[in-house]
Amino acid sequence: MSQGIKRAIKNWIKRLMRICFEMGQRFHVDILPRHFYSEIPDIRTLRNNKAWRVPRSMKDISGPIEAQLAWVDECTRPYRANLTHFKIHEMAVRMNGSDQGYGEVEADFLYCFVRSQRPRQIVQIGCGVSTAICLLAAADEGYVPRITCIEPYPTAFLQLESERERITLITQKIEDVSIDFISRLQDGDLFFVDSSHTLGPAGEANLIILEILPRLATGVYAHFHDIYFPYDYGTDTLSSALFFPHETALLYAFLLMNRRFEIAASLSMLHHYRLNELVQYFPDMNPREFDEGLTKKVGHFPSSIFLRRRSELAG
Numbered sequence: 344m345s346q347g348i349k350r351a352i353k354n355w356i357k358r359l360m361r362i363c364f365e366m367g368q369r370f371h372v373d374i375l376p377r378h379f380y381s382e383i384p385d386i387r388t389l390r391n392n393k394a395w396r397v398p399r400s401m402k403d404i405s406g407p408i409e410a411q412l413a414w415v416d417e418c419t420r421p422y423r424a425n426l427t428h429f430k431i432h433e434m435a436v437r438m439n440g441s442d443q444g445y446g447e448v449e450a451d452f453l454y455c456f457v458r459s460q461r462p463r464q465i466v467q468i469g470c471g472v473s474t475a476i477c478l479l480a481a482a483d484e485g486y487v488p489r490i491t492c493i494e495p496y497p498t499a500f501l502q503l504e505s506e507r508e509r510i511t512l513i514t515q516k517i518e519d520v521s522i523d524f525i526s527r528l529q530d531g532d533l534f535f536v537d538s539s540h541t542l543g544p545a546g547e548a549n550l551i552i553l554e555i556l557p558r559l560a561t562g563v564y565a566h567f568h569d570i571y572f573p574y575d576y577g578t579d580t581l582s583s584a585l586f587f588p589h590e591t592a593l594l595y596a597f598l599l600m601n602r603r604f605e606i607a608a609s610l611s612m613l614h615h616y617r618l619n620e621l622v623q624y625f626p627d628m629n630p631r632e633f634d635e636g637l638t639k640k641v642g643h644f645p646s647s648i649f650l651r652r653r654s655e656l657a658g
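Each step along the sequence shown adds one to the number in this note's numbering, with nothing skipped, and position 91 is 434.
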């Protein structure tokens with residue numbers, strides 16, 4: 344068989360698979376070939392090869408672990424009496440009407456962050472339980488921040504808070520919103536992200552990390568959820584995961600040798616490297632157990648990371 348005929352057959356098969364792929368998406372199913380070019384990993388290969396199960400070195404990324412630990416201690420110390428039985432998370436879930444995956448320990452620390460840092464403005468991409476936490480913390484601290492929620496699928500709670508003018512609700516995807524809003528954030532304010540974590544065409548993580556983060560003013564904090572440092576893969580990769588986001592890897596690349604941003608606190612890193620101290624700050628924490636970054640025994644695993652934009656002259 345000539346090379347031309349082989350190529351024609353290959354192209355015909357590819358077109359047929361593309362048709363099947365688009366038809367499947369009409370029924371919310373992706374039909375794809377198993378190929379080494381695919382972003383979807385081969386689970387059998389991952390199970391048989393442990394070479395990939397290693398933490399990243401975190402070399403040349405600003406934000407030493409001891410400084411992170413000290414900052415978490417500083418933020419939580421005045422409010423630890425409030426951090427009992429994860430009542431903050433329970434109240435926030437009740438207010439929002441559902442639990443959207445923002446964990447108990449993350450909830451406690453976000454509460455302490457808002458109370459200790461008192462951000463004047465909070466812009467959120469991905470909202471709900473975390474919004475309720477911010478409102479609870481601000482009320483307990485006795486101040487009123489300006490909270491902007493960019494959420495295309497708002498809960499009834501968010502709609503009600505918007506009607507009460509306690510938040511500004513933008514019911515659009517971040518890709519459809521002018522990023523000029525970021526210029527309003529100043530030193531001490533919070534840019535909060537808990538989105539779909541997806542990269543690629545129409546993936547908001549590309550826009551957020553590559554276009555919005557570089558525009559943050561000096562001193563602004565940026566929060567991301569489900570960041571697994573020092574690992575760059577999910578904790579359930581070999582067990583239950585159906586989606587394999589690469590947001591952690593992209594954020595790692597963004598921070599590498601980037602002196603304009605530092606890690607104020609990566610709760611995941613502290614879990615892996617300073618767990619004994621971390622559980623002292625969150626006494627009701629029942630830590631998850633890990634084997635090479637993969638869940639061994641279920642429990643609490645905080646995966647929020649707080650970054651801070653540094654001065655242009657920071658070394």
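Don't be surprised by glycine CBs; every beta carbon is placed ideally from N, CA and C.
Assigned secondary structure, residue i (DSSP; H/G/I helix, E/B strand, else coil)
i: residue 737; result: Only positions 344 to 658 of the chain appear in this structure, which leaves residue 737 out of reach.
i: residue 430; result: helix
i: residue 632; result: strand
i: residue 637; result: strand
i: residue 443; result: coil
i: residue 521; result: coil
i: residue 498; result: coil
i: residue 459; result: helix
i: residue 586; result: coil
i: residue 512; result: strand
i: residue 362; result: helix
i: residue 452; result: helix
i: residue 577; result: coil
i: residue 437; result: helix
i: residue 599; result: coil
i: residue 507; result: coil
Chain-order list of residues whose beta-carbon lies under 8 Å from that of residue i (same chain, five-residue window excluded)
i: residue 511; result: 489, 490, 491, 492, 505
i: residue 363; result: 374
i: residue 592; result: 575
i: residue 570; result: 590, 591, 594, 609, 611, 646, 647, 648
i: residue 434; result: 475, 479
i: residue 554; result: 522
i: residue 558; result: 522, 525, 526
i: residue 486; result: 461
i: residue 618; result: 630
i: residue 484; result: 457, 458, 461
i: residue 614; result: 621, 630, 631, 644, 645
For residue i, the residue or residues it bridges with in DSSP
i: residue 345; result: Residue 345 is not bridged to any residue.
i: residue 652; result: 604
i: residue 614; result: Residue 614 pairs with nothing; no bridge assigned.
i: residue 643; result: 630
i: residue 464; result: 489
i: residue 568; result: Answer by DSSP bridge pairing: none, since residue 568 is not bridged.
i: residue 609; result: 648
Proximal residues to residue i (C-beta, below 6 Å), its chain only, five neighbours per side dropped
i: residue 313; result: Given a span of 344 to 658 for the chain in the structure shown, any question on residue 313 remains unanswerable.
i: residue 396; result: 635
i: residue 432; result: 447, 450
i: residue 500; result: 438, 439, 440
i: residue 443; result: 471, 472
i: residue 597; result: 552
i: residue 398; result: 573, 574
i: residue 419; result: 455, 624
Closer than 8 Å to chain D by CB, residue i
i: residue 534; result: No chain D is part of this structure, which consists of one protein chain only.
Residues near residue i in its chain [Cβ-Cβ closer than 7 Å; skip 5 each side]
i: residue 414; result: 607, 608
i: residue 631; result: 638, 640, 641, 642, 643, 644
i: residue 540; result: 548, 569, 588, 590
i: residue 473; result: 445, 453, 467, 535, 537
i: residue 416; result: 624
* To do: For the segment 527-563, list the alpha helix (DSSP H) runs that are entirely contained and at least 4 residues long, ordered along the chain.
  => 547-550
* Asked: For the segment 637-647 against the segment 578-598, are there 3 or more C-beta pairs whose distance is under 8 Å?
  -> yes
* Asked: Three or more beta-carbon pairs under 8 Å between the segment 435-452 and the segment 394-410, yes or no?
  -> Under the 8 Å Cβ criterion, the segment 435-452 does not count as touching the segment 394-410, having fewer than three qualifying pairs.
* Ordered list of alpha helix (DSSP H) runs contained in the segment 372-426, each at least 4 residues -> 386-391, 408-419
* Asked: Quick one: any contact between the segment 528-547 and the segment 457-470, if contact means 3 or more CB pairs under 8 Å?
  -> yes
* Asked: Pairing CB atoms from the segment 410-430 with CB atoms from the segment 614-630, are three or more of them under 8 Å?
  -> yes
* Looking at C-beta atoms only, is the number of pairs between the segment 545-565 and the segment 347-361 that lie closer than 8 Å three or more? -> Per the Cβ contact rule, the segment 545-565 is not in contact with the segment 347-361 (fewer than 3 Cβ pairs under 8 Å).
* Is there contact here, the segment 507-524 with the segment 449-456, by at least three beta-carbon pairs under 8 Å? -> no
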